[in-house]
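Chains as they are written, first to last, in the numbering used here: chain Z, 795 to 1023; chain E, 795 to 1023.
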């Protein structure tokens, strides 16, 4: 599980997977439910072989132990719930990357440690990250747009990082926005492909991705110094 | 439509879309059918909103004007047809890239002209290219593996190109295989994202992708000269 930022706290002990399954009309069914309860219910159902797109509102309601109609008190439809999950995933990934930076040592660049943190989370089977990587291809249009927004946030943050780093290290920088975009998209696409990789390939895949990102970072420095290169 | 290599010739005039739809038990239904007929039938059904994964064997048979059972004379199942389509798409894209190289001028690099040819084909609504870009995410495991094989072929060809170019231009090259992989994956992922782009964004997206590829090519040259950069 990703480290959840303050806004939404989901301690594992409250995950509805631990609750008994409800049956229709069951007397013990909950009357009051929060958005977080529904988010948790959807997360509990997601897995390597269950995408969000394949979940039904009825399944989420059953998992959350509410009547299907109660779902609508919190979300207009499944798309709105999906968008909430994507936003949660974005905030969570931001937290992970920020934490990775604090661990940066003189032996490891910011980029290398961010790539490492991303892949580590991925290989830990993080459901939110899985959602972010997968629904961009199979999700409904509102969910795809939400993922595109999150990717744009990452690109913008990375662009600002690249500018700060270039200033700090006195290196040149060619087209910072395109550089940030290339890195973000490459990390997400290689991450998606690594999802099904066997355990013994994981560290090799992380090293490969780090090398690819290094090619881009070196390229932007070289072209920044000599745009006609 | 992509330029189809010699092995499989599909002149547009033979596409089954021009044929009247068959009805079950229709007396005029074809008795003999080739693999190409089924490939053409599937292609005719594919479109921006119809993925191969969403096609049924029955639909393909109807489009090809045969009884569903006749399908099995040519393909074991829909997956085998899908793999045949992916292989056709791979050969076709190779032809396009080869042709683009012949058009290389002193003002345009091999990489730039290949990226241009790829995006041109994409924006022309090429169904085989669409298949290659989309089924990697939503296809069945055999189809995903077939796409992965095609991507590996492209990577290997590009790696050899990079080696030739580096020798010709007397430039250095850092980790040719990783360089080829980064370029191939970035082109395919940016291509997928460009699929839904409005017409007025198309030339900008092509330029952006060319810039990203240039970052990688420059990076591999710079790191090749100085691996500690």
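No residue lacks a Cβ here, since even glycine has one placed at the ideal position from N, Cα and C.
Quick caveat: nothing in here was measured; it's all calculated off a predicted structure.
(message) Give me the chain C residues within the contact set of residue 966 (chain Z), using Cβ-Cβ distance strictly less than 9 Å, ordered along the chain.
(response) Protein chains in the displayed structure are Z and E, and chain C is not among them.
(request) Kindly provide the ranges of any alpha helix (DSSP H) runs that are 4 or more residues long and lie completely inside the stretch 945-993 of chain Z, ordered along the chain. (result) Those alpha helix (DSSP H) runs which fall completely within the stretch 945-993 of chain Z and span 4+ residues are 970-988.
(message) So, under 8 Å CB-CB, residue 955 (chain E) and residue 904 (chain E) are touching, yes? Tell me the CB distance rounded to an integer number of Å.
(response) 7 Å
(message) Output needed in chain order: residues of the stretch 928-945 of chain E with a Cβ under 7 Å from some Cβ in chain Z.
(response) 931 and 932
(request) Determine the extent of the alpha helix (DSSP H) in which residue 912 (chain Z) is found, giving its start and end residues. (result) 904-917
(message) Is the separation between the beta-carbon of residue 999 (chain Z) and that of residue 1013 (chain E) shorter than 8 Å?
(response) No; because the gap between Cβ atoms is not below 8 Å, this pair is not in contact.
(request) Assign residue 1019 (chain E) to one of two classes, buried (16 or more other C-beta atoms within 10 Å of its C-beta) or exposed (fewer than that). (result) exposed
(request) Answer with yes or no whether the minimum CB distance from residue 1014 (chain E) to chain Z is below 8 Å. (result) yes
(message) What does the Cβ neighbour count give for residue 843 (chain E), buried or exposed, with the cut at 16 atoms within 10 Å?
(response) exposed
(request) Indicate the three-state DSSP secondary structure (helix, strand or coil) for residue 841 (chain Z) in the structure shown. (result) Reduced to three states, the DSSP call for residue 841 (chain Z) is strand.
(message) With the cut-off set at 8 Å, would you say residue 927 (chain Z) and residue 840 (chain Z) are in Cβ contact?
(response) No. Outside cutoff.
(request) Starting from the C-beta of residue 1002 (chain Z), find all residues in its chain whose C-beta is less than 8 Å away, skip the five residues before and the five after it, and write them out in chain order. (result) 984
(request) Over the uninterrupted alpha helix (DSSP H) stretch that includes residue 1010 (chain Z), give me the two end residues. (result) 996-1019
(message) Short of 8 Å Cβ to Cβ, which residues in the stretch 968-1001 of chain Z face chain E?
(response) 968, 969, 972, 973, 975, 976, 979, 980, 982, 983, 984, 986 and 987
(message) On a Cα-Cα basis, can you pick out the residue from E:967, E:862, E:937 and E:893 that is closest to residue 1021 (chain E)?
(response) E:967
(request) Please say whether residue 880 (chain Z) and residue 944 (chain Z) have beta carbons closer to each other than 8 Å? (result) yes
(message) Can you pull the chain E neighbours of residue 1017 (chain Z), defined as C-beta to C-beta under 8 Å?
(response) 1008, 1009 and 1012
(message) Would you say residue 843 (chain Z) lies against chain E (beta-carbon separation less than 8 Å)?
(response) no
(message) Using a 10 Å radius around the Cβ and a threshold of 16 neighbouring Cβ atoms, would you call residue 907 (chain E) buried or exposed?
(response) Here residue 907 (chain E) is buried, its C-beta having at least 16 other C-beta atoms within 10 Å.
(request) My understanding is that residue 932 (chain E) touches residue 845 (chain E), with C-beta atoms under 8 Å, so please give their C-beta distance in whole angstroms. (result) In this structure residue 932 (chain E) touches residue 845 (chain E) by the C-beta definition: roughly 6 Å separates them, less than 8 Å.
(message) Strictly below 7 Å CB to CB, what residues from chain E border residue 1005 (chain Z)?
(response) 969 and 972
(message) Less than 6 Å between C-beta atoms, sequence neighbours within five positions excluded: which residues of the same chain meet that for residue 940 (chain Z)?
(response) 877 and 880
(request) Could you say if the stretch 851-869 of chain E and the stretch 910-918 of chain E meet the contact criterion of at least three C-beta pairs nearer than 8 Å? (result) no
(request) Would you mind sorting residue 1016 (chain Z) into buried or exposed? The rule is 16 or more other CB atoms within 10 Å of its CB. (result) buried
(message) Let me confirm a value: residue 976 (chain E) is counted as buried when at least 16 other C-beta atoms fall within 10 Å, else exposed. Which label applies?
(response) buried
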